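Everything in the sequence shown is counted per full-length UniProt numbering, starting at 1 for the first residue and increasing by one.
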Amino acid sequence: MLNTLLRIDVTTVGFLAGLAVLSVLVVVALRLLRFPRPGVVVVVLALLVVNTGALANSYYDYYRDLGYVLGDAPGDEVALDELMARTAAPDQGEIAPFPIPARASRFDAREALVWVPPAWFARPRPQLPVVLLLHGTPGSPQDWIDGGRAADTANAFAAAHGGRAPILVLPDVNGSLAADSECVDGPAGKVETYLTEDLVPAVQQTFRTLDPGPAWAVAGLSEGGSCAIMLALRHPTVFGTFGDYAGLAGPRSGDTNATGSTVADLFDGSRAAFEEHEPAAVLAIRRFPGLGGWFEAGSADEQPLVAARRLAPAARAAGIDVCERVIPDGGHDFDLFSTAFADSLPWIAGRTGAFPPGPCPGG
Numbered sequence: 001m002l003n004t005l006l007r008i009d010v011t012t013v014g015f016l017a018g019l020a021v022l023s024v025l026v027v028v029a030l031r032l033l034r035f036p037r038p039g040v041v042v043v044v045l046a047l048l049v050v051n052t053g054a055l056a057n058s059y060y061d062y063y064r065d066l067g068y069v070l071g072d073a074p075g076d077e078v079a080l081d082e083l084m085a086r087t088a089a090p091d092q093g094e095i096a097p098f099p100i101p102a103r104a105s106r107f108d109a110r111e112a113l114v115w116v117p118p119a120w121f122a123r124p125r126p127q128l129p130v131v132l133l134l135h136g137t138p139g140s141p142q143d144w145i146d147g148g149r150a151a152d153t154a155n156a157f158a159a160a161h162g163g164r165a166p167i168l169v170l171p172d173v174n175g176s177l178a179a180d181s182e183c184v185d186g187p188a189g190k191v192e193t194y195l196t197e198d199l200v201p202a203v204q205q206t207f208r209t210l211d212p213g214p215a216w217a218v219a220g221l222s223e224g225g226s227c228a229i230m231l232a233l234r235h236p237t238v239f240g241t242f243g244d245y246a247g248l249a250g251p252r253s254g255d256t257n258a259t260g261s262t263v264a265d266l267f268d269g270s271r272a273a274f275e276e277h278e279p280a281a282v283l284a285i286r287r288f289p290g291l292g293g294w295f296e297a298g299s300a301d302e303q304p305l306v307a308a309r310r311l312a313p314a315a316r317a318a319g320i321d322v323c324e325r326v327i328p329d330g331g332h333d334f335d336l337f338s339t340a341f342a343d344s345l346p347w348i349a350g351r352t353g354a355f356p357p358g359p360c361p362g363g
């Protein structure tokens, strides 16, 4: 019974209507019972917050059911030292917090998360590929577990491959909820250095992964999608594949593809530095044989859709193995982001050389 309740979909019109009706009934009952007026006001305000939050959640599709809302989602965290000490393979993968020493960047990052598949617990540890999943802004690494359902997707993949799957690393790219680094070395900190010089050796040494290069991929949602293609183009010896899920055309300080004040805000006024990080500019002057890229956006998400339609052919012309998918009526929300990761994981995993090739739409 409890498990059934935890699986109730909290994004449906029926749930929202039921919550609203229940809220009205609670207020009416309190008035009939002559509950003190200050108490009624407090309850009304609390119900208003709950209903507003439920409506916003339905729009962005962040928490899909009560299990996620109440913290009973699949893949609850375990301590890193406990994870490292285990030898018995669990039924599903495990998530652990993963502090990354910022020795080169000095970036004040929030704690990263890591997901390892059941097969990783064998002794000796198998060497597995790695996929970085980058969040957006506002956001945090936890977004990929909750709204992005990354652990669910990875668990399903592992179940179909004998417990094996890429290790997922979910780093912080902004330093705080509202910051917007665009993954460059800029005012928010040396984030590009953190992701490529601090994170990579920390992950490789801790989890005994395959070497960076073809066996490593970087993917992201929204800001994280723009970051993913930029990082792969600038560091093709680290990342062999990228996944751009509803990202803009490149690093942007605003919410559109227009550069606006980006050069001043992120690159201290240096147009040259901006061009070095701008995917279209890089693709126009360099070739990337061996690199792969997945673009996915919603047809109702204008700016990321325009970016994908510009960057995908440019990437293909630069020698990149490109896959494209447009979700009909898809918006800029976690329904799109979670779908995009689930769509692309088999192909991304296949490109690492550790798994069979996956399907590539538009390839």
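Just so you know, even glycine gets a beta-carbon here, dropped at the ideal spot from N, CA and C.
Note that the coordinates shown come from a computational prediction; the quantities given were computed from them, not determined experimentally.
> Would you call the CB atoms of residue 287 and residue 331 closer than 7 Å?
Replying inline: Counted from its first residue, the sequence shown places residue 287 at position 287. Counted from its first residue, the sequence shown places residue 331 at position 331. Not closer than 7 Å, so no.
>> Quick check on DSSP: helix, strand or coil for residue 325?
In response: Translated into the one-based positions of the sequence shown, residue 325 becomes position 325. The answer is strand: DSSP assigns residue 325 an E or B state.
> Per DSSP, what kind of secondary structure is residue 159 in: helix, strand or coil?
Replying inline: Here residue 159 corresponds to residue number 159 of the sequence shown, with the count starting at 1. Note: residue 159 maps to helix in three-state DSSP.
> Could you give the distance in angstroms between the alpha-carbon of residue 264 and the alpha-carbon of residue 251?
Replying inline: The residue given as residue 264 occupies position 264 in the sequence shown. The residue given as residue 251 occupies position 251 in the sequence shown. Cα to Cα, the separation comes out at about 12 Å.
> Whole-angstrom Cβ separation of residue 80 and residue 116, contact assumed at under 8 Å?
Replying inline: Here residue 80 refers to the residue found at position 80 when the sequence shown is read from its first residue. Here residue 116 refers to the residue found at position 116 when the sequence shown is read from its first residue. No, residue 80 and residue 116 are not in contact; Cβ-Cβ is about 11 Å, not under 8 Å.
>> For the pair the stretch 149–160 and the stretch 182–193, tell me if three or more CB-CB distances fall below 8 Å.
In response: no
> For residue 367, does the three-state DSSP call read helix, strand or coil?
Replying inline: The question about residue 367 has no answer here: the residues shown for the chain are numbered 1 through 363.
> For the candidate residues 279, 244, 108 and 159, whose alpha-carbon lies nearest to that of residue 234?
Replying inline: For this step, residue 234 is matched to residue 234 along the sequence shown. Per the Cα distances, 279.
> What three-state label does DSSP hand residue 100 in the structure shown?
Replying inline: For this step, residue 100 is matched to residue 100 along the sequence shown. Here residue 100 sits in coil by DSSP.
>> By alpha-carbon positions, which one of 276, 223 and 290 ends up nearest to residue 307?
In response: To locate residue 307, count along the sequence shown from 1; it is residue 307. Checked all of 276, 223 and 290; the closest Cα to residue 307 is 223.
> Which value, in whole angstroms, describes the spacing of the CA atoms of residue 148 and residue 339?
Replying inline: Position 148 of the sequence shown, counted from the start, is the residue given in the question as residue 148. Position 339 of the sequence shown, counted from the start, is the residue given in the question as residue 339. Roughly 8 Å separates the two Cα atoms.
> Going by the beta-carbon positions, is the gap between residue 248 and residue 270 smaller than 7 Å?
Replying inline: For the purposes of this step, residue 248 is taken as the residue at position 248 of the sequence shown. For the purposes of this step, residue 270 is taken as the residue at position 270 of the sequence shown. No, the pair does not count as a contact, with Cβ atoms beyond the cut-off.
>> So, under 8 Å CB-CB, residue 220 and residue 165 are touching, yes? Tell me the CB distance rounded to an integer number of Å.
In response: Stepping through the sequence shown from its first residue, residue 220 is reached at position 220. Stepping through the sequence shown from its first residue, residue 165 is reached at position 165. Contact doesn't hold; Cβ gap of about 18 Å is too wide.
> How is residue 343 classed by DSSP in three states: helix, strand or coil?
Replying inline: Start at 1 with the first residue of the sequence shown, and residue 343 comes out as number 343. The answer is helix: DSSP assigns residue 343 an H, G or I state.
> Using the rule of at least 16 other Cβ atoms within 10 Å of the residue's Cβ for burial, across every protein chain shown, is residue 299 buried or exposed?
Replying inline: Position 299 of the sequence shown, counted from the start, is the residue given in the question as residue 299. Residue 299 should be labelled exposed.
> What residues match up with residue 189 in a beta bridge as DSSP calls it?
Replying inline: Along the sequence shown, one-based indexing puts residue 189 at 189. Paired residue(s): 186.
> Quick one: what does DSSP say residue 264 is sitting in, helix, strand or coil?
Replying inline: Mapped onto the sequence shown, residue 264 falls at position 264. Helix.
> Rounded to a whole number of angstroms, what is the C-alpha to C-alpha distance between residue 168 and residue 180?
Replying inline: Taking the sequence shown and counting its residues from 1, the one referred to as residue 168 is at position 168. Taking the sequence shown and counting its residues from 1, the one referred to as residue 180 is at position 180. Cα-Cα distance, rounded: 22 Å.
> From which residue to which residue does the alpha helix (DSSP H) around residue 282 run?
Replying inline: The count along the sequence shown starts at 1 and reaches residue 282 at position 282. Residue 282 -> alpha helix (DSSP H) spans 279–285.
>> Assuming residue 197 is part of the alpha helix (DSSP H), what are its boundary residues?
In response: Within the sequence shown, numbered from 1, the residue matching residue 197 stands at position 197. Run containing residue 197: none; DSSP gives neither H nor E here.
>> What residue range does the alpha helix (DSSP H) around residue 380 cover?
In response: Because the chain here runs from 1 to 363, residue 380 falls outside it and cannot be looked at.
>> So, for residue 230: in the same chain, excluding its five sequence neighbours on each side, which residues have a beta-carbon less than 7 Å away from its beta-carbon?
In response: For the purposes of this step, residue 230 is identified with residue 230 of the sequence shown, where counting begins at 1. Same-chain partners within the cutoff: 183, 250, 251, 277 and 279.
> Can you round the beta-carbon distance between residue 333 and residue 295 to whole angstroms, since I take them to be within the 8 Å contact cut?
Replying inline: As a working mapping, residue 333 is identified with position 333 in the sequence shown. As a working mapping, residue 295 is identified with position 295 in the sequence shown. Contact doesn't hold; Cβ gap of about 17 Å is too wide.
> Any contact of the stretch 127–142 with the stretch 204–221, i.e. 3+ C-beta pairs under 8 Å?
Replying inline: yes
>> Can you look up residue 350 in the DSSP assignment and give me helix, strand or coil?
In response: Walking along the sequence shown from the start, residue 350 turns up at place 350. The answer is helix: DSSP assigns residue 350 an H, G or I state.
> Can you name the start and end residues of the alpha helix (DSSP H) that residue 81 belongs to?
Replying inline: Indexing the sequence shown from 1 puts residue 81 at position 81. Here the alpha helix (DSSP H) through residue 81 covers 80–85.
>> Could you tell me the alpha carbon to alpha carbon distance between residue 172 and residue 214, rounded to whole angstroms?
In response: For the purposes of this step, residue 172 is identified with residue 172 of the sequence shown, where counting begins at 1. For the purposes of this step, residue 214 is identified with residue 214 of the sequence shown, where counting begins at 1. Using only the alpha carbons, I get a separation of about 23 Å.
> Could you give the uninterrupted runs of the alpha helix (DSSP H) lying entirely in the stretch 201–276, keeping only those of 4 residues or more?
Replying inline: 223–234 and 262–267
> Measuring CB to CB, does residue 323 end up less than 7 Å from residue 353?
Replying inline: By one-based count along the sequence shown, residue 323 stands at place 323. By one-based count along the sequence shown, residue 353 stands at place 353. Cβ atoms of residue 323 and residue 353: not closer than 7 Å.
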